[in-house]
Amino acid sequence: TYPLGKKAHGSDFLLKNRHLWLRSRKQWANLRIRSEVIKAVRDFFDNRDFTLVDAPILTASACEGTSTLFEVNYFGDKAYLSQSGQLYLEATAMAFGKVYCFGPTFRAEKSKTRKHLTEFWMAEPEVAYADLGDIMKLAEELVTEIVQKVLKKKKGDLEILGRDTTKLEKITPSFPRISYTEAIEILKRSGSDFKWGDDFGAPHETIISSNFDKPVLVHRFPTETKAFYMKKDPQDPRLTLSVDMLASEGYGEIVGGGQRDEELSHLE
145 TYPLGKKAHG
155 SDFLLKNRHL
165 WLRSRKQWAN
175 LRIRSEVIKA
185 VRDFFDNRDF
195 TLVDAPILTA
205 SACEGTSTLF
215 EVNYFGDKAY
225 LSQSGQLYLE
235 ATAMAFGKVY
245 CFGPTFRAEK
255 SKTRKHLTEF
265 WMAEPEVAYA
275 DLGDIMKLAE
285 ELVTEIVQKV
295 LKKKKGDLEI
305 LGRDTTKLEK
315 ITPSFPRISY
325 TEAIEILKRS
335 GSDFKWGDDF
345 GAPHETIISS
355 NFDKPVLVHR
365 FPTETKAFYM
375 KKDPQDPRLT
385 LSVDMLASEG
395 YGEIVGGGQR
405 DEELSHLE
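All residue numbers for the sequence shown refer to the working numbering, where the first residue is 145 and numbers rise by one.
The structure is reproduced here in structure tokens:
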């Protein structure tokens, strides 16, 4: 390896000399950790007999809403950079049972925040006939395994970044699980005037997750906050069999999912 010398170089210098940025200790640590995360994701699904499916990057339609699409001129026709491989995975899951894709995703969101990127990598599993309990268990196992593998193999790199690894060591099964309605009670106790039926914003997610020392699974969101393909709760049709995993320290939602509605009459 060819790191920079021991002399400290500030961000201004490194941003003007981007080829040297990769040799700085922090960026070096970042990329080594990222590499380990990618390996952990692939190992997790491979060890559970999931089939990797590479969904197209150029698509003809939207998965997550037309307002965040990057449009591309495709030989005179319109095409778009993929927002998600979900549509392809749902079809493939019925052939293979358990599938996943893991690759770049694009969102045309012009926002300079730590939570919005125009390009990022996303892992998306689909499991035929999985119910909400199966989905929450899979999400919990995935996050736990990634964190524990990175702690085991890249703890030194985490320390270079100044990460408090004692907090990561607490990320072990099982994660707390609360309903959407129970999450609202937490918000109300904090003084929020949040109304039932609204979707959580970043400040709400921060308040909810701050009550736990590990990720929390919030389940059964109202139908108006989730996509049409989420199956309704048979015990309460106002709710969907959906779940968001909220990470503490203000990171917010890191996993989203739900049980798919298989009733053709509902989907039509």
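Don't be surprised by glycine CBs; every beta carbon is placed ideally from N, CA and C. It should be emphasised that the depicted structure is a prediction, and the values quoted were computed from it without experimental measurement.
The continuous stretches of beta strand (DSSP E) do not include ASN174, which lies in the alpha helix (DSSP H) extending over residues 169–190. Only residues of its own chain outside the window of five on either side were considered, and among them GLU284, GLU285 and THR288 have a CB closer than 8 angstroms to the CB of PRO317, listed in chain order. Here GLU397 carries a strand assignment [DSSP, helix/strand/coil]. Between ALA239 and GLU270, the C-beta spacing is not below 8 angstroms. THR309 counts as exposed, since fewer than 16 other C-beta atoms from the protein chains shown sit within 10 angstroms of its C-beta. Annotation for LEU166: TRP172 and LEU175 place their beta carbon closer than 8 angstroms to its own, counting only its chain and skipping 5 residues before and after. Nearest in C-alpha terms to PRO248, of all of ASP198, LYS293 and ASP380, is ASP198. Selection PHE250, HIS363 and LEU385 evaluated against TYR373 yields LEU385 as nearest (Cα-Cα). DSSP, reduced to helix, strand and coil, places HIS153 outside both helices and strands of the structure shown, so it counts as coil.
Counting along the chain, no beta strand (DSSP E) covers SER409; the unbroken alpha helix (DSSP H) around it starts and ends at 408–411.
Sorting PHE189, GLN230, ASP193 and LYS183 by C-alpha distance to the C-alpha of PRO200 places GLN230 at the top.
The beta strand (DSSP E) runs of length 3 or more contained entirely in the stretch 274–307 do not exist; there are none.
Residue burial annotation: PHE157 is exposed, with fewer than 16 other C-beta atoms found within 10 angstroms of its C-beta. Straight across, the Cα-Cα distance linking ALA223 with SER205 is about 7 angstroms. For ILE322, the three-state secondary structure derived from DSSP is strand.
By the Cβ test, the stretch 288–303 is not in contact with the stretch 325–341, since fewer than three Cβ pairs between them sit closer than 8 angstroms. When DSSP states are grouped into helix, strand and coil, GLU263 belongs to the strand group.
THR257 is bridged by DSSP to nothing; it lacks a bridge partner. Inter-residue distance for THR369 and VAL216 is about 29 angstroms (C-alpha atoms, whole angstroms). Taking each of SER334, MET280, LYS160 and SER155 in turn and checking the Cα distance to ARG169, the smallest one comes out for SER155. In the DSSP secondary-structure assignment, MET374 is bridged to ARG404. Residue range 162–165 is occupied by the alpha helix (DSSP H) that includes ARG162. About 14 angstroms separates the Cβ atoms of ARG186 and LYS242, ruling out a contact at the 8 angstroms cut-off. With a cutoff of 8 angstroms on beta-carbon distance, VAL387 and MET280 are scored as near each other. Contact annotation: THR262 and PHE246 have beta-carbon atoms that are not nearer than 8 angstroms.
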